[in-house]
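Residues -19 to -1, 1 to 114 in mature numbering (1 follows the signal peptide of the UniProt record, and there is no 0) are what the sequence shown spells out, letter by letter. Down below is the structure, laid out as structure tokens.
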Amino acid sequence: MFYLWLGLFVVHGVEYGFGAHDHSTTGIFEVEPKQCPGFTFRKSILIGRTDLGPKEVRSMMEKMAQEYSGNTYHLITKNCNHFCNDVCLKLTGKAIPSWVNRLARLGKKNYLHLPNFLFCICALVPGVRFLTE
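Take a look at the structure:
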């Protein structure tokens, strides 16, 4: 089963997310499900099911790591919800609910000129394991 909760998703018992840092290495990380430091779990949304096994999912994440480096994170144009949507489409063929990334869409429409350094806090606190670690 494949669950999403606001920028993080769980598949085969591993929770993945995408966050910012100043390096060209991956911004994709994994944590224990529902335990991302800096966040309070509120709700899971079942998106669908995948036919990929744990090793295939991990391989897919490692391939996506090249596209999702920490220094490419942008609050409006490439945030953790954009990442989750891309993953959901690849794993299930279904997109995340439209309300999940509504603020980024509104920001892009009105382009607030927010700086590139705005980011998801969970990538900067202890307890997250980046894919390369």
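We treat Cβ as the ideally placed atom computed from N, Cα and C, and that holds for glycine. Since we're looking at a predicted model, the values are computed, not measured.
- With fewer than 16 neighbouring CB atoms inside 10 Å of its own CB, F22 falls in the exposed class.
- In the structure shown, the three-state DSSP call for K44 is helix.
- The stretch 72 to 84 and the stretch 3 to 13 do not touch, with fewer than three beta-carbon pairs separated by less than 8 Å.
- Boundaries of the beta strand (DSSP E) harbouring F(-2): V(-6) to F(-2), taken from the DSSP string.
- Cβ atoms of V(-6) and E11 come within 8 Å of each other, at about 5 Å.
- Between N66 and A76, the CB-CB gap stays under 7 Å.
- The beta-carbon separation of G(-1) and Y54, rounded to 7 Å, stays under the 8 Å limit for a contact.
- In this structure, the straight-line span from the alpha carbon of T31 to that of F(-11) is close to 13 Å.
- Cβ-Cβ separation between L33 and M41: approximately 7 Å, consistent with a contact (criterion under 8 Å).
- In this structure G(-3) is buried. Its beta-carbon is surrounded by 16 or more other beta-carbon atoms within 10 angstroms.
- Using a 10 angstroms sphere on the CB of L27, the tally of other CB atoms stays under 16, which defines it as exposed.
- Between the alpha carbons of L56 and K24 lies a gap of roughly 22 Å.
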